[in-house]
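Using my numbering, the letters of the sequence shown map in sequence onto residues 1199 to 1280.
Even for Gly, the Cβ is constructed at its ideal location relative to N, Cα and C.
A short worksheet on the structure shown next.
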Amino acid sequence: MERTKFQKTLEIVASVTGVVALFITAIGYPQVGFIVALFASAMYATYGYLTRQYGIMVSSLIYGVVEVVGIIRWVFLGDSNG
């Protein structure tokens, strides 16, 4: 199945957003990094659905749950020691 231009663009934007999220988290702002990573996971899940690659979609949703837990720990509980 040939991907549309929108699907290719969505994949690239999701990838770049994920890398930016990792960088933001690595430089010491996990409160922001986890939220950006959550957006990247949502974009990847959308990409997986649109391209009928359900493994990508499911893994993105699972990773999104991990990010929500990270957001709760870092933002709401103030857990900064791992």
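Would F1204 be called buried (16 or more neighbouring beta carbons within 10 Å of its own) or exposed? On the sequence shown, position 6 is the one that residue 1204 refers to. The residue in question, F1204, is exposed, as its Cβ has fewer than 16 Cβ neighbours within 10 Å.
On the DSSP letters alone, give me the boundaries of the alpha helix (DSSP H) that F1232 sits inside. Counting from one through the sequence shown, the residue named residue 1232 turns up at place 34. Note, F1232: alpha helix (DSSP H), 1228-1248.
Considering just the uninterrupted stretch of the alpha helix (DSSP H) at T1202, what are its terminal residues? On the sequence shown, residue 1202 is found 4 positions in, with the first residue counted as 1. In the DSSP annotation of this structure, T1202 is not part of any alpha helix (DSSP H), being labelled neither H nor E.
I need the straight-line Cα distance from F1274 to F1221, nearest angstrom please. Taking the first residue of the sequence shown as 1, we reach residue 1274 at position 76. Taking the first residue of the sequence shown as 1, we reach residue 1221 at position 23. Their backbone Cα atoms lie some 21 Å apart in a straight line.
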